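This report concerns only the one structure given below.
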Amino acid sequence: MPTSSLVRVACVQMEPRIGDTNANVAHSLTLIGQAADAGATLIVLPELANTGYVFETREEAFALAETIPDGPTCRAWAALAAERGLHIVAGITERAGTSLYNSAVVIGPQGHIGTYRKMHLWGNENLFFEPGDNGFPVFHTAIGRIGVAICYDGWFPETYRLQALQGADIVCVPTNWVPIPGQAEGREAMANILAMAAAHSNSLYIACADRIGTERGQPFEGQSLIISYTGWPVAGPASRTGEEIVVAELDLGAARSARNWNAFNQVLRDRRTDVYAEMLGSDIRRGWY
44 MPTSSLVRVA CVQMEPRIGD TNANVAHSLT LIGQAADAGA TLIVLPELAN TGYVFETREE
104 AFALAETIPD GPTCRAWAAL AAERGLHIVA GITERAGTSL YNSAVVIGPQ GHIGTYRKMH
164 LWGNENLFFE PGDNGFPVFH TAIGRIGVAI CYDGWFPETY RLQALQGADI VCVPTNWVPI
224 PGQAEGREAM ANILAMAAAH SNSLYIACAD RIGTERGQPF EGQSLIISYT GWPVAGPASR
284 TGEEIVVAEL DLGAARSARN WNAFNQVLRD RRTDVYAEML GSDIRRGWY
């Protein structure tokens, strides 16, 4: 029986403008359409793609935030997903009552599938957002098991490990990477290196969609890429400065079967769970691995 589960994945590298939500969403729809025209059925957008990132006050962030899934941004993305038969993972500024979250929505052809809230807040995000409170969910979809991480989450190996342990095939990463101190001129982003290592050590695909530009004095890195479960990029990295769409055709089912590296070694089963907790002390239920 054939076991191939080919999915064409696209990471959209774009430049949101702070506070210009209507224009940002309209532009994202255009770029999503271009990715779909290239055959992509799973499309990833950057972190806070609808609002921009560098808020000056919590009041500004709150005014730009939307509820999920009934806010205008989610409705617009869901309409296009339904029209084109797409799965979309996109960063959004979420309002839940009086709380704000740096979130990402997972949307399919039938609408909203789930929401991930960034677990590890970076810098001034701590002034505006609550830390994520729904853990590391893995969303079972028609095209495969999708996990999500946002930007600074990628600096914590537990982010990817807990999703791999739940059977994730791919982790989609909406992100706003910034330069890291000590980074040599022309050197690839530290985040790329971390994502490649995580893909290899967990045997899963990782698709990172970064933004570009400079916003209120903060430059962003670009270099969006899609990484195989081998740890090597299969699309990208994109440039540091241009809007681009990187696309790769992935066999999502292969990520799980490839965890058996040879006759002796399976990267998740070889862990010494007699020495450390199998699920890292979390109450997450183990999935297939």
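My numbering puts the sequence shown at residues 44 to 332. Don't be surprised by glycine CBs; every beta carbon is placed ideally from N, CA and C. Computed from a predicted structure; not experimentally measured.
Could you spell out where the alpha helix (DSSP H) holding residue i opens and where it closes?
i	result
E168	168 to 171
A104	101 to 107
P115	115 to 127
Could you have a look at residue i and say whether DSSP puts it in helix, strand or coil?
i	result
M57	strand
Y159	strand
D196	helix
G76	helix
S71	helix
Y248	strand
S300	helix
L91	coil
Among the residues of its own chain, which have a CB less than 8 Å from the CB of residue i, if the five just before and after it don't count?
i	result
A81	R51, A53, I288, V290
M44	At M44 the pLDDT is 39, less than 50, meaning the model places this residue with poor confidence; the figure from the coordinates comes in the next sentence. Result list for M44: empty, nothing under 8 Å.
Can you tell me where the beta strand (DSSP E) with residue i in it begins and where it stops?
i	result
L323	L323 -> no beta strand (DSSP E), and no H or E assigned at all.
F182	181 to 184
A291	287 to 294
V136	At residue 136 the sequence reads Thr, which differs from the Val that was named. First-last of the beta strand (DSSP E) with T136: 130 to 139.
L311	Neither: L311 is in no beta strand (DSSP E) and is coded neither H nor E.
S146	142 to 151
Would a C-beta distance cut-off of 9 Å place residue i and residue j closer than the cut-off?
i	j	result
R254	T218	yes
H128	L88	Note on identity: in this sequence residue 128 is Gly, with His being the wrong assignment. Not closer than 9 Å, so no.
P152	H130	yes
S246	R302	yes
L74	E292	no
Between the alpha carbons of residue i and residue j, how many angstroms are there, rounded?
i	j	result
G166	V277	31 Å
F172	P280	29 Å
M57	S71	8 Å
I270	E201	18 Å
G187	A78	19 Å
V310	W304	7 Å
H155	A241	27 Å
D317	S325	16 Å
Enumerate in chain order the residues of its own chain whose CB-to-CB distance from residue i is below 6 Å, with the five nearest sequence positions on each side excluded.
i	result
Q206	F179, V181, G190, V214
L91	G134, T136
D212	G187, R188, L295, A298
Please go through the same chain and pick out, in chain order, the residues whose beta-carbon is closer than 7 Å to the beta-carbon of residue i, but skip the five residues on each side of it.
i	result
D176	R160
P174	M162, L164
T273	H243
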